[in-house]
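Quick note on my numbering: the first sequence kicks off at 21 and runs consecutively.
Don't be surprised by glycine CBs; every beta carbon is placed ideally from N, CA and C.
Take a look at the structure below.
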Amino acid sequence: MKMSKMGVRPEKIAPKDAEAINQKYLTQAGFIHQEMAGVYTFLPLGLRVLEKIENIVRKHMDKIGSELLMPALSPKEYWQTTGRLSSIDVLFKACAANEVSLMKSDAEYILNPTHEDVVTPLIKNYNPSYKDLPVSVYQIQTKFRNEPRAKSGLLRCREFRMKDLYSFHTSEEDLKTFYEEAKKVYFDIFKEIGIGADTVIALASGGDFTKDYSHEFQTRCENGEDTIYLDRTTGVAYNKEVKPEGADTNPNFEVFTASEVGNIFPLGTKFTKAFGYEYTDKDGSKKPVIMGSYGIGTSRLIGVLVEKFHDEKGIIWPRNVAPFTVHLVDIQKKEEAEKIYNMLLENNIEVLWDDREMSPGEKFADADLIGCPVRVVVSSRSMDAGGVEVKMRHDKESKIITQDEFLGYINNV
RNA sequence: CGGGGUGUAGUGAAUCGGUAUCACGCUUCGUUCGGGACGAAGAGACAGGCGGUCCAAUUCCGCCCACCCCGACCA
């Protein structure tokens, strides 16, 4: 993509109110644009990162579930059935805007904050028999929660993207088996995104859902909102809210701040009972369906990654989620740059070409801010040196490599 | 939802009773070109909204709205 045609550009002056690093850098670099509190547009760069993350999530989730897409809007009745119409305090209601509508409808709908209340009657409709179970479905979709305090850029939004998977089982044991498999798949995802080594599963409160623990995937992050107690002797991690007695003073516990990147819940029969979802067993008897739910906030993950991977100059994207692999900068050498640009495109290497008429310093500053893994500079200096100048975002020094080495080099970063 | 703070040009700020100034960005011309270049000439704001006080309000007062921060909450 040519930067001059992107429709969006980095800002020289950081946004005033941005306190959180992810909000500051993502806004300044032109990844997101705030529309209101906790609601953002994903600009071309931001959308690319979001889609990379969601495609990685999708690839791995396809191993344990089938993708579908439920509506963002749902009938109030579903939420009345589960009692959550009155128990969830962040529900958004939608209704006809009567000022301009010809239909004087009083109907009210819910902008879904999550989909247990939608997926359960849906799956019930198609899977009445033990022969149908277990079954699991997932979607990647926009959710709405009227957070009393939207904050910290993409970390806590009122409209956000989430992958949510729901599984349905004939027994607790079967749920347990699937649950453990889901944990593994989650780690595959976090590994591919670039945070595998820094992420742990922590026991956490089950909230409304269950008296048992839920499991949070927490990634180490200095600015994280959670505190994790990791028991070195057992390898078990606890969210501060459920930490064992004495963990504060016990030297076997490592305490660190972290950011939640995923959360999975054993739901039991909470929702299936509400909707009367029982399956027919071999002997013809009716038995309750056991359920689990598994979430990853894909837009939130963008914010977490920026909090985790940045320096004083800007973002440092992990390779697999970077908006582009190569950030191409030309200094007065448009024709040469265009050749390299086309060559990269022909080899399916994602490249952002800063083809704007600007001084070199500004282009370098924007390249650092945007944070693609490889910066390539085309200038009289690089041409005199007989090659292409490359610099990793996380390195200080650039180096010249030959045209022949170039593609191989980039594919190996 | 409690507490605190802020709303002035696209962005960031100054003015704090006499209808607004600067920087960045934008337009035009010229000169530059390896870490946020320089000169010249331009365009762009009824100062968040409503009401009040006053001869006069961006400035003082009240209400509303919006945004940010701390806390509570976070299925």
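Your pair residue 99 and residue 137 checks out as a contact, with CB atoms roughly 5 angstroms apart and the cut at 8 angstroms. Beta-bridge analysis with DSSP links residue 247 to 277.
In the structure shown, residue 414 adopts coil according to DSSP, grouped into three states. Assignment of beta-bridge partners to residue 53 by DSSP yields 61.
By alpha-carbon distance to residue 51, the top candidate from 208, 344 and 280 is 344. Cβ contact annotation for residue 160 (same chain, cutoff 6 angstroms, sequence separation greater than five): 74 and 183, in chain order.
The beta carbon of residue 333 sits closer than 8 angstroms to those of 385, 388 and 389, all from its chain and outside the five residues before and after it, given in chain order. Cα atoms of residue 21 and residue 29: separation of roughly 13 angstroms, rounded to the nearest angstrom. Residue 155 sits in a strand when the DSSP states are folded into three classes. A check of alpha carbon separations from residue 399 across 308, 429 and 352 identifies 352 as the nearest.
Within the same chain, Cβ atoms closer than 7 angstroms to the Cβ of residue 427 are found at 367, the five residues on either side in sequence being excluded. Residue 142 carries a helical assignment under DSSP once its states are collapsed to helix, strand and coil. Exclusion of the five residues before and after residue 78 leaves 87 and 160 as the residues of its chain whose Cβ lies within less than 7 angstroms of its Cβ. Its chain contains 130, 132 and 138 as the residues whose beta carbon lies nearer than 6 angstroms to that of residue 94, once the 5 sequence neighbours on both sides are disregarded; these appear in chain order. By the Cβ neighbour-count rule, residue 219 is buried, with 16 or more other Cβ atoms within 10 Å of its own. Residue 69 and residue 46 have their alpha carbons spaced roughly 11 angstroms apart.
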